[in-house]
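Chemist: Going down the list, the protein sequences come from chains A, B and C. Quick note: the first sequence uses the numbering used here, first residue 1, plus one each step. Quick note: the second sequence uses the numbering used here, first residue 274, plus one each step. Quick note: the third sequence uses the numbering used here, first residue 590, plus one each step. Note that CB positions come from ideal geometry on N, CA and C, so glycine has one too. Before anything else, here's the structure in question.
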Amino acid sequence: MQRVLIYILLIGLSAAMLLPFAWLVRSSLCDDRTVMQPLRSLGDFIPPTVHFENFSEVFHSIPLLKYLKNTVFITVLTIVGTIFSSSLCAYAFAFCRVPYRKPLFYAVLATVMLPPVVNMIPSFILFRELGWIDTFKPLIVPAFFGSAFAIFLFRQFFLGIPMALIEAARIDGAKPLQIYWQIVMPMSRPVCLTIGLFAFVGCWNGFMGPLIYLNSEDNWTLQLGLNSFVGEVVDQTNLMMACAVMVVLPVIVAFFFLQRYFISGANMSGLKG
Amino acid sequence: MSEHRSTPSNNVSVQKRRLSPMAKEDRLAFWCFISPWLIGFLLFEFGPIVASVLISFTDYSLFNSPKWVGLGNYRELMSDPLIWKSLGNTLFYVVFAVPLGTAGALMLAVLLNQKVKGIAVWRTIFYLPTIVSGVAMGVLWRWIFNPEAGLANTLLRPILRPLGISDPKWLLDPNLAKPAYIMMSLWGIGGGMIIFLAGLQGIPSHLYEAAELDGAGPVRRFIHITLPMLSPVILFSLTMGTIGSFQIFAQAYVMSGRGPDNSTLFYVLYLFDQSFRYFRLGYGAAMAWLLFALVLIITMIKFALAERWVYYEGDA
Amino acid sequence: MILAAAMLSGNRPVASAQGRRVVVYAHPPCPPALMRYFDEAFDDFRKTHPDIDLQVLHITGNYQDKIKVMFAGKVAPDVIFMYPSDLAAWVELGALKPLDQILASNGKTSITDYFPASVQTYTYGGHLYALPKDASAELLFYNPELFRKHGLSFPTADWTWQDMLHAATAITQDTDGDGRTDIFGLQQPDWQTLVRQNGGRIISADGTRCELDSRQSMEALEFWVALRQQYKVVPTPESGMDMTAWRMFVLQRAGMFISMYPVVPVLRRSCAFEWDIALPPRGSGQIRSAVTGSAFAVTSQSRNSEAAFEWARWMTNEGMKHIMTFDIPANIKLGQSQEWRDATLPPASKQVAVDVMKVAGPPLQHPAYAQIIDAINPDLDRANRGDCSVKEAVEQIVPKVNAVLARYAHEGVGR
Chain A
1 MQRVLIYILL IGLSAAMLLP FAWLVRSSLC DDRTVMQPLR SLGDFIPPTV
51 HFENFSEVFH SIPLLKYLKN TVFITVLTIV GTIFSSSLCA YAFAFCRVPY
101 RKPLFYAVLA TVMLPPVVNM IPSFILFREL GWIDTFKPLI VPAFFGSAFA
151 IFLFRQFFLG IPMALIEAAR IDGAKPLQIY WQIVMPMSRP VCLTIGLFAF
201 VGCWNGFMGP LIYLNSEDNW TLQLGLNSFV GEVVDQTNLM MACAVMVVLP
251 VIVAFFFLQR YFISGANMSG LKG
Chain B
274 MSEHRSTPSN NVSVQKRRLS PMAKEDRLAF WCFISPWLIG FLLFEFGPIV
324 ASVLISFTDY SLFNSPKWVG LGNYRELMSD PLIWKSLGNT LFYVVFAVPL
374 GTAGALMLAV LLNQKVKGIA VWRTIFYLPT IVSGVAMGVL WRWIFNPEAG
424 LANTLLRPIL RPLGISDPKW LLDPNLAKPA YIMMSLWGIG GGMIIFLAGL
474 QGIPSHLYEA AELDGAGPVR RFIHITLPML SPVILFSLTM GTIGSFQIFA
524 QAYVMSGRGP DNSTLFYVLY LFDQSFRYFR LGYGAAMAWL LFALVLIITM
574 IKFALAERWV YYEGDA
Chain C
590 MILAAAMLSG NRPVASAQGR RVVVYAHPPC PPALMRYFDE AFDDFRKTHP
640 DIDLQVLHIT GNYQDKIKVM FAGKVAPDVI FMYPSDLAAW VELGALKPLD
690 QILASNGKTS ITDYFPASVQ TYTYGGHLYA LPKDASAELL FYNPELFRKH
740 GLSFPTADWT WQDMLHAATA ITQDTDGDGR TDIFGLQQPD WQTLVRQNGG
790 RIISADGTRC ELDSRQSMEA LEFWVALRQQ YKVVPTPESG MDMTAWRMFV
840 LQRAGMFISM YPVVPVLRRS CAFEWDIALP PRGSGQIRSA VTGSAFAVTS
890 QSRNSEAAFE WARWMTNEGM KHIMTFDIPA NIKLGQSQEW RDATLPPASK
940 QVAVDVMKVA GPPLQHPAYA QIIDAINPDL DRANRGDCSV KEAVEQIVPK
990 VNAVLARYAH EGVGR
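What follows is the structure in structure tokens.
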């Protein structure tokens, strides 16, 4: 009985959750007239004619593979940078017993409390002075210096690791870096994966950063390419949607295969060791 | 706190307490390990932050050099009715969206941590909406909330009509526009779900096994094991959710703008208008620091309260 | 400190390696289907101007935001796109270079080559600040089939509001008898359009007070609300939501709408039925239409302003040929050329798009445009929803706008 209820709940909720993606797919298959017509009934959700050629037309309209290459480059480096730098900082905040770690931790958090809009211009000027405009550096390099979101999340997970484990390793003569790399990180696979996923999606879907820092079309990311189907008055909405489907697909596939690492349960807690 | 514990008791020097080798090592490790963040902060964030503090004391139109006006911008904040209106709108959103989003994400994570068939598919489906965001979605949401032909009303009509309630106008109704945004935000709970799922993996299964032997049902196990064990992650979710929701901007920017009667004029939307449409970056910066102060206070209170309910296994 | 110093300096190459003058042009969001026409123009310019290195910055999404950030970073492009309502603020803040002198002395194009209404729109404080690209102004788009069906004659040059209302009433229909209107006569025009047509003004000529409470303005606003609340010939917000003017028209659910020439490519692509354009109807004033066309401006940060000017000049003349199939040239000669009018694509009455320039004027030009409109809209929306009378709304609006104006007079824009 409980099983049945769970499945009913899951099916109902997932119908709602599928809606945005279903809408995306639907719009990507419309012709340029249907795509902008509002639906008058649910039946209109299925377009009268299906246009798979929208996908090939995207490739004819914009150099999607070039944008993909740029985006992958930025994303991979961002993920690596975020995971390593942030977990290191979080280790310090979780395990190093120094009196000033709390205020410093608040300082880390405080950096995300200021709306980014405010820092847009000073940051732009800073990166201009560094000669980084129209390069990937403003989008990548900061990731190697930790993100407050990731540091905070790592810290919360690290604090759940039994202190006795760390102390025992220290008594055995392990140095902090060894403890970090040989004990803490192996126990933190789910959270690393989570941080990686957030960094991935944030980077993949990032728009304002690339818009402001990248100029030449050779450096464009997928999101900038996607937006090129939108004009001041005239849009090619169906092509934009087709492009969006292609942009989203790798993320879905990656998630589908990675999610199983969340499944394996208690052996992660490390209490066996 | 830990310091005097590690101070060796046989240390004769009273004036200058020497640190134990371990504490020294801790100190060194601490600075080394946080150095990436510290350097990054000094390099990339400190300058812009100082600049935005200075800008908040100036009139800065973006085209011309800033002109010092002292506290002028801050004084104006106090008398600008739209500041309070937009702050009210934002608070309303935060108060509902954050707890609902956190609770929803938690429930979903618990649900999808069971042995359910096709778990990969379910998890992917619930995570999907957080990936499909941005430009493409503005049209979808406007359709969903279209009072005549939209999905929301198509589904609600059979329930509301018999009760004699006319179709809600959602984004066109000053009272329903914000609730519509709160509903929209719930499509994003997949992100929180992932974090909680990761958190659930850290709960040793022997705790559940022991509880089961004691005859605890699923509800009691949830309350007495899952909740306390997840409390660090819940604190994370509430804190980051609050910080993020106070900065709600992009959705309103593409969807309804300021909305009927400015009912969806959220704080950062107004800040953006002041900075970039009215060319008043100084005022915008002052607005940002007011928000900063508010969010900081709320976060501090949250952390102070957290001492009572957040359980860190490491401390035990 | 470093930042403050950095704010005052810029570093962008003035000349490229071969000693050619660099001109950076920021192109607004433009989908690939239209972009290829512009690309042809860019190539043509590069061929005919070997001494100028034209670098195109194609900006997708938030054009203005990107330009503003570049400005603040002292790396603004040389040539940018400008729209009528933005001009005053940008000029007032010193972002644009006046172009009258260079236009007078360039020997290729003169100010009289452009439609006077366009020139007037991009003139502020007595100086011309941008070269008009297209002569787009508000036009009445209509669906002849719906007119024929109800035995109506097509809109003519001497149409009044009453004629428009008469036609709209006839076209408005509940085709399936469910009590909800399915076809509307008209898409509700912008309130500014009607105020202008009736000889009303938002701001007094001396810029000191809001004139929405004048007889002409009030009449126009009353008519605007009545179209929805009393005559019910325009879509209610419910049925009209998420349907920009042309969407209802494209669906053949609106018989007429007032919009500008840039929607022409949209209609060509989306309408399988016949459609045409006419002059907007007249109220009690002289001006019937606002210039909406865009223009090229040379930024004050440009170090090659002569080369930048040449690009803007060329694009509004010779270069215009590349994009004339979907644009209406602000250049009189081109606008009146057979080449432009003979293009077989709709609308049939292309001449109207040129004629309208005789009854068109600039829209509101005020450096605090955004604040003024933001101060007006919430209350006017209430009147439009039927939550209050126009009179009550205007009583609320006038002091708010006057406060914006007083503030502007005292402090200037951006303060």
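Pick from A:Asp32, A:Ser85, A:Ser27, A:Tyr7: whose alpha carbon is nearest that of Cys305 of chain B?
Modeler: Within the second sequence, numbered from 1, the residue matching residue 305 of chain B stands at position 32. The shortest Cα separation from Cys305 of chain B among A:Asp32, A:Ser85, A:Ser27, A:Tyr7 belongs to A:Ser85.
Chemist: Is DSSP giving Thr611 of chain B helix, strand or coil here?
Modeler: As displayed, chain B neither begins before 274 nor continues past 589, which places residue 611 of chain B out of reach and without an answer.
Chemist: Helix, strand or coil: how does DSSP classify Gln524 of chain B here?
Modeler: Within the second sequence, numbered from 1, the residue matching residue 524 of chain B stands at position 251. In the structure shown, Gln524 of chain B sits in a helix (DSSP, three-state: H, G or I).
Chemist: For Asp1011 of chain C, collect the residues of the same chain with a Cβ closer than 8 angstroms to its Cβ; drop the 5 residues on either side in sequence, then sort them by chain order.
Modeler: Residue 1011 of chain C falls outside the range modelled here, since chain C spans only 590 to 1004, and no answer is possible.
Chemist: Residue range of the beta strand (DSSP E) that Gly844 of chain C falls in?
Modeler: Numbered from its first residue, the third sequence carries residue 844 of chain C at position 255. Start and end: 843 to 848.
Chemist: Distance cutoff 7 angstroms, beta carbons only. Does Phe898 of chain C sit that close to anything in chain B?
Modeler: Taking the third sequence and counting its residues from 1, one reaches residue 898 of chain C at position 309. No, Phe898 of chain C lies away from the interface with chain B (no Cβ there is under 7 angstroms from its Cβ).
Chemist: Exposed or buried, Pro618 of chain C, counting other C-beta atoms within 10 Å across all chains shown (16 or more means buried)?
Modeler: Position 29 of the third sequence, counted from the first residue, corresponds to residue 618 of chain C. That one is buried.
Chemist: Can you have a look at His955 of chain C and say buried or exposed, based on whether 16 or more other CB atoms are within 10 angstroms of its CB?
Modeler: Position 366 of the third sequence holds residue 955 of chain C. With 16 or more other Cβ atoms within 10 Å, it is buried.
Chemist: Helix, strand or coil: which one does DSSP assign to Pro721 of chain C?
Modeler: To locate residue 721 of chain C, count along the third sequence from 1; it is residue 132. Residue state, collapsed to three classes: strand.
Chemist: Let me make sure I understand the geometry here. Which of A:Leu5, A:Glu232, A:Ser147, A:Leu211 has the alpha-carbon closest to that of Val112 of chain A?
Modeler: Taking the first residue of the first sequence as position 1, residue 112 of chain A is located at position 112. Comparing Cα-Cα distances from Val112 of chain A to each of A:Leu5, A:Glu232, A:Ser147, A:Leu211, the minimum goes to A:Ser147.
Chemist: Can you pull the DSSP bridge partners for Ser878 of chain C?
Modeler: Numbered from its first residue, the third sequence carries residue 878 of chain C at position 289. Ser878 of chain C is bridged to C:Ala949.
Chemist: Are the C-beta of Ala594 of chain C and some C-beta of chain A separated by less than 7 angstroms?
Modeler: For the purposes of this step, residue 594 of chain C is taken as the residue at position 5 of the third sequence. Because the pLDDT at Ala594 of chain C is just 47, under 50, the model does not fix this residue reliably, and the point stays unresolved.
Chemist: With 7 angstroms as the threshold, decide whether the Cβ of Met590 of chain C is near any Cβ in chain A.
Modeler: Taking the first residue of the third sequence as 1, we reach residue 590 of chain C at position 1. Its pLDDT being 43, under 50, Met590 of chain C is placed unreliably by the model, and the measurement read from it follows with that caveat. With 7 angstroms as the cut-off, Met590 of chain C does not count as an interface residue toward chain A.
Chemist: Output the boundary residues of the beta strand (DSSP E) element that contains Asp767 of chain C.
Modeler: For the purposes of this step, residue 767 of chain C is taken as residue 178 along the third sequence, with counting starting at 1. Segment: none, Asp767 of chain C is in no beta strand (DSSP E) and carries neither H nor E.
Chemist: Ile121 of chain A CB to nearest chain C CB: under 7 angstroms?
Modeler: Here residue 121 of chain A refers to the residue found at position 121 when the first sequence is read from its first residue. Yes, its Cβ sits closer than 7 angstroms to a Cβ of chain C.
Chemist: So Phe229 of chain A and Pro620 of chain C are in contact, right, with Cβ under 8 angstroms, and what is the actual spacing, rounded?
Modeler: Numbered from its first residue, the first sequence carries residue 229 of chain A at position 229. Numbered from its first residue, the third sequence carries residue 620 of chain C at position 31. Rounded, the Cβ-Cβ distance is 5 angstroms, consistent with contact.
Chemist: Would you kindly report the start and end of the unbroken alpha helix (DSSP H) that includes Arg610 of chain C?
Modeler: For the purposes of this step, residue 610 of chain C is taken as the residue at position 21 of the third sequence. Segment 610 to 616 is the beta strand (DSSP E) holding Arg610 of chain C; no alpha helix (DSSP H) there.
Chemist: Need the endpoints of the alpha helix (DSSP H) that Phe127 of chain A sits in, please.
Modeler: Counted from its first residue, the first sequence places residue 127 of chain A at position 127. Segment 116 to 129, the alpha helix (DSSP H) holding Phe127 of chain A.
Chemist: Determine the DSSP secondary structure at Tyr626 of chain C, reduced to helix, strand or coil.
Modeler: Within the third sequence, residue 626 of chain C is the residue found at index 37, counting from 1. If DSSP states are grouped into helix, strand and coil, Tyr626 of chain C belongs with the helices.
Chemist: Just checking: is the beta-carbon of Leu428 of chain B within a distance shorter than 7 angstroms of some beta-carbon in chain C?
Modeler: In the second sequence, residue 428 of chain B corresponds to position 155, counting from 1. Chain C contact via Cβ: absent.
Chemist: What residues from chain A crowd round Ala661 of chain C, counting only those whose CB sits closer than 8 angstroms?
Modeler: As a first step, residue 661 of chain C must be located in the third sequence, where it is residue number 72. Near Ala661 of chain C (Cβ distances below 8 angstroms), the residues of chain A are Ile121, Phe124, Ile125.
Chemist: Pro321 of chain B by DSSP, collapsed to three states: which one?
Modeler: On the second sequence, residue 321 of chain B is found 48 positions in, with the first residue counted as 1. In this structure, Pro321 of chain B counts as helix in the three-state DSSP scheme.
Chemist: Examine the Cβ distances between the segment 489 to 502 of chain B and the segment 449 to 457 of chain B and report whether three or more of them are shorter than 8 angstroms.
Modeler: The segment 489 to 502 of chain B vs the segment 449 to 457 of chain B: no contact.
Chemist: On the three-state DSSP scale, how would you describe Arg785 of chain C?
Modeler: Your numbering for residue 785 of chain C matches position 196 in the third sequence. Correct three-state label for Arg785 of chain C: helix.
Chemist: Mind listing the chain C neighbours of Asn227 of chain A? Cutoff is C-beta to C-beta under 8 angstroms, in chain order.
Modeler: Position 227 of the first sequence, counted from the first residue, corresponds to residue 227 of chain A. What Asn227 of chain A touches in chain C: Pro618, Thr649, Gly650.
Chemist: Should the segment 160 to 179 of chain A be called in touch with the segment 357 to 369 of chain B, which here means at least 3 C-beta pairs below 8 angstroms?
Modeler: No: the two stretches stay apart, fewer than three of their Cβ pairs being nearer than 8 angstroms.
Chemist: Does Ala756 of chain C have its Cβ less than 7 angstroms from a Cβ in chain A?
Modeler: By 1-based counting over the third sequence, the position of residue 756 of chain C is 167. No - not a single Cβ of chain A is within 7 angstroms of the one on Ala756 of chain C.
Chemist: Would you say Pro115 of chain A faces chain C, with C-beta separation under 7 angstroms as the test?
Modeler: Taking the first sequence and counting its residues from 1, one reaches residue 115 of chain A at position 115. Chain C contact via Cβ: absent.
Chemist: Nearest-angstrom Cα distance between Leu503 of chain B and Gly423 of chain B?
Modeler: Within the second sequence, residue 503 of chain B is the residue found at index 230, counting from 1. Within the second sequence, residue 423 of chain B is the residue found at index 150, counting from 1. Cα to Cα, the separation comes out at about 39 angstroms.
Chemist: What would DSSP say about Asn920 of chain C, mapped onto helix, strand or coil?
Modeler: Here residue 920 of chain C refers to the residue found at position 331 of the third sequence. Reduced to three states, the DSSP call for Asn920 of chain C is strand.
Chemist: Mind pulling the chain C residues with CB within less than 8 angstroms of Pro217 of chain A?
Modeler: Locating residue 217 of chain A in the first sequence gives position 217, where the first residue counts as 1. With the sequence shown as reference, residue 217 of chain A is identified as Glu, and Pro is not the correct amino acid for it. Result: His647.
Chemist: Can you check whether the CB of Phe369 of chain B is closer than 7 angstroms to the CB of Ile455 of chain B?
Modeler: Counted from its first residue, the second sequence places residue 455 of chain B at position 182. Counted from its first residue, the second sequence places residue 369 of chain B at position 96. Going by C-beta atoms, Ile455 of chain B is nearer than 7 angstroms to Phe369 of chain B.
Chemist: Which chain B residues are close to Met246 of chain A, counting only those with a beta carbon under 8 angstroms from its beta carbon?
Modeler: Translated into positions along the first sequence, residue 246 of chain A becomes position 246. The premise fails here: Met246 of chain A is roughly 12 angstroms from chain B at the closest Cβ pair, so nothing lies under 8 angstroms.
Chemist: What distance in whole Å lies between the Cβ atoms of Leu88 of chain A and Tyr180 of chain A, which are believed to be in contact at a cut-off of 8 angstroms?
Modeler: Within the first sequence, numbered from 1, the residue matching residue 180 of chain A stands at position 180. Within the first sequence, numbered from 1, the residue matching residue 88 of chain A stands at position 88. About 7 angstroms; that satisfies the 8 angstroms criterion.
Chemist: Relative to the alpha-carbon of Val948 of chain C, which residue among C:Gln776, C:Phe846, C:Gly872 has its alpha-carbon at the smallest distance?
Modeler: Here the question's residue 948 of chain C lines up with position 359 in the third sequence. Val948 of chain C has its Cα closest to that of C:Gly872, out of C:Gln776, C:Phe846, C:Gly872.
Chemist: Skipping 5 residues on each side, what residues in its chain have a beta carbon closer than 8 angstroms to that of Val389 of chain B?
Modeler: Here residue 389 of chain B refers to the residue found at position 116 of the second sequence. Same-chain partners within the cutoff: Trp395.
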